[in-house]
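Residue numbers (the working numbering): 341 to 679.
Just below is one structure, and these are the notes that go with it.
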Ligand SMILES: Cc1cc2nc3c(=O)[nH]c(=O)nc-3n(C[C@H](O)[C@H](O)[C@H](O)COP(=O)(O)O)c2cc1C
């Protein structure tokens, strides 16, 4: 890994001391807490390491993972592997059986994760019908039994990521207060309801009101475009998560001055490093396919972007992909520089 990370040109490296000395409790973390939102298919170890190199302070969450799958399948368990550099690193689990959560939590504690985040926001039909994800918002008893069981183990942070509510935010405060009483030590709210899925705009007003009613830290989430946008939306909250705006754009976490976006030379080095990190965990054929969704977001914002994207996405092997990615550096010469 060190070799791949070493190739991030111009991006900040985490100071060596910081890599292992990250605070263990939410209360000890500097405010605002800035986090990479868990995103299935995106926030794997490779991408988390890229974000870590861009900003040593961002809190990283795994992709959501079925608690039952974790207990049954070695392949699912390996999906949650992480490098020490990824700390502070939290695993997000979904499911509905408190005992399964407890067993998975014990195993994850052995692996050294900092906390377990319980998914109570995923709106996918299959998940909701199994009383997982958003489905838990309709059964506060079941939601609290999971939190209680995980928190009772005592050594890991137990957080919950959920939404404003099922169809509106009228029950948010009482739901979150119950989670807090059950032992949740941090709550993240995506400012949309289950009914909205991803439509409309995120409403942060109910999240600010929730913060006034809780003692534990609260993170806001939804439509944050950049670190400065998160700062602007922060209000009385303890921090924020960035999700979609960080796909193909780990620089969303950088507090940028008037210098504008990074040069293509820097972007090309980061994209190449991302791919090399992905290859450490995935075989070539799978990595080439999975990397397409990142390329679709990395390579944007100039006239021929579609053709260039396609060239990279259709690369038949590692060497061709990396050669085409490295050629992106020429865009600095070819394009007028944004000021
Ligand atoms: C591709 C994708 C995958 C996601 N996977 C998860 C997930 O695994 N767990 C979760 O809690 N939320 C997941 N989300 C929701 C995000 O964490 C976040 O709550 C949502 O995208 C709103 O934030 P944003 O506007 O910053 O993207 C996912 C979102 C996207 C776009």
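Beta carbons: idealized from backbone N, C-alpha and C, even for Gly.
Small disclaimer: the values here were computed from a predicted structure and weren't measured.
> For residue 507, is the beta carbon positioned less than 7 Å from some heavy atom of ligand 1?
Replying inline: Residue 507 Cβ: outside cutoff for every heavy atom of ligand 1.
>> For the segment 648–659 against the segment 628–638, do three or more pairs of beta-carbon atoms, one drawn from each stretch, fall closer than 8 Å, so that the two count as touching?
In response: These segments touch.
>> On the CB-based measure, 16 or more other CB atoms within 10 Å of its CB, does residue 675 come out buried or exposed?
In response: It counts as exposed.
> Residue ranges of each alpha helix (DSSP H) run of no fewer than 4 residues wholly in the segment 510–571, ordered along the chain?
Replying inline: Counting whole runs of 4 or more residues, the segment 510–571 contains the alpha helix (DSSP H) stretches 512–522, 545–553.
> Which word fits residue 573, buried or exposed, when buried means at least 16 other C-beta atoms lie within 10 angstroms of its C-beta?
Replying inline: Buried, because 16 or more other Cβ atoms sit within 10 Å of the Cβ of residue 573.
>> Mapping the DSSP letters down to three states, classify residue 432 as helix, strand or coil.
In response: If DSSP states are grouped into helix, strand and coil, residue 432 belongs with the strands.
> What residues sit near ligand 1, counting only those whose C-beta is closer than 7 Å to one of its heavy atoms, in chain order?
Replying inline: Every residue passing the under-7 Å Cβ criterion appears here: 377, 378, 379, 380, 381, 382, 403, 404, 432, 459, 461, 462, 501, 530, 538, 542, 561, 562, 563, 564, 581, 582, 583, 584, 585.
>> Our contact map puts residue 486 next to residue 441 with C-beta atoms below 8 Å; I'd like the distance itself, whole angstroms only.
In response: About 5 Å separates the two Cβ atoms, so the contact holds.
>> If contact is defined by three or more beta carbon pairs under 8 Å, each pair taking one atom from either stretch, is the segment 388–395 in contact with the segment 412–427?
In response: In short, these stretches touch, since the Cβ pair count reaches three.
>> Nearest by alpha-carbon distance to residue 589: which of 640, 480, 461, 529 is it?
In response: It is 640.
>> Assuming contact is defined by CB atoms lying nearer than 8 Å, are residue 403 and residue 380 in contact in what I supplied?
In response: Yes. Within cutoff.
>> To test your reading of the DSSP string, which unbroken beta strand (DSSP E) runs of 3 or more residues are found completely within the segment 587–652?
In response: Runs of the beta strand (DSSP E) lying entirely within the segment 587–652, each at least 3 residues long, are absent.
> Can you tell me where the beta strand (DSSP E) with residue 456 in it begins and where it stops?
Replying inline: Element bounds for residue 456: 455–460.
> CB-CB under 6 Å to residue 535, same chain, minus the five flanking residues each way: which ones, in chain order?
Replying inline: Cβ within range, chain order: 507.
>> If contacts are defined as beta-carbon pairs under 8 Å, then residue 451 and residue 401 qualify, I think. What distance do you get, rounded to the angstrom?
In response: By a beta-carbon distance limit of 8 Å, residue 451 does not contact residue 401. Their separation comes to about 15 Å.
> So is residue 434 buried or exposed if we call it buried at 16+ other beta carbons inside 10 Å?
Replying inline: By the neighbour-count rule (16 or more Cβ atoms within 10 Å), residue 434 is buried.
> Where residue 398 and residue 370 are concerned, what is the direct C-alpha to C-alpha distance, given to the nearest angstrom?
Replying inline: Distance between the alpha carbons of residue 398 and residue 370: 10 Å.
>> Just to check my reading of the structure: residue 560 and residue 580 have Cβ atoms closer than 8 Å, yes? What is that Cβ distance to the nearest angstrom?
In response: Confirmed, Cβ separation roughly 5 Å.
> Using the rule of at least 16 other Cβ atoms within 10 Å of the residue's Cβ for burial, across every protein chain shown, is residue 455 buried or exposed?
Replying inline: By the 10 Å Cβ count, residue 455 comes out buried.
> In the DSSP assignment, what residue or residues form a beta bridge with residue 579?
Replying inline: Paired residue(s): 373, 559.
> Under 8 Å, do residue 592 and residue 603 count as touching if we go by C-beta distance?
Replying inline: The answer is no: Cβ separation not under 8 Å.
> By how many angstroms is the C-alpha of residue 634 removed from the C-alpha of residue 672?
Replying inline: Roughly 21 Å between the two C-alpha positions.
> My guess is that residue 460 and residue 502 are in contact by the Cβ rule of under 8 Å, so how many angstroms apart are they, rounded?
Replying inline: At roughly 4 Å, the Cβ-Cβ gap stays under 8 Å, so residue 460 and residue 502 are in contact.
> By how many angstroms is the C-alpha of residue 659 removed from the C-alpha of residue 620?
Replying inline: Near 15 Å, if we compare the C-alpha coordinates of residue 659 and residue 620.
>> What does the Cβ neighbour count give for residue 378, buried or exposed, with the cut at 16 atoms within 10 Å?
In response: The Cβ neighbour count for residue 378, taken over all protein chains shown within 10 Å, is at least 16; the residue is labelled buried.
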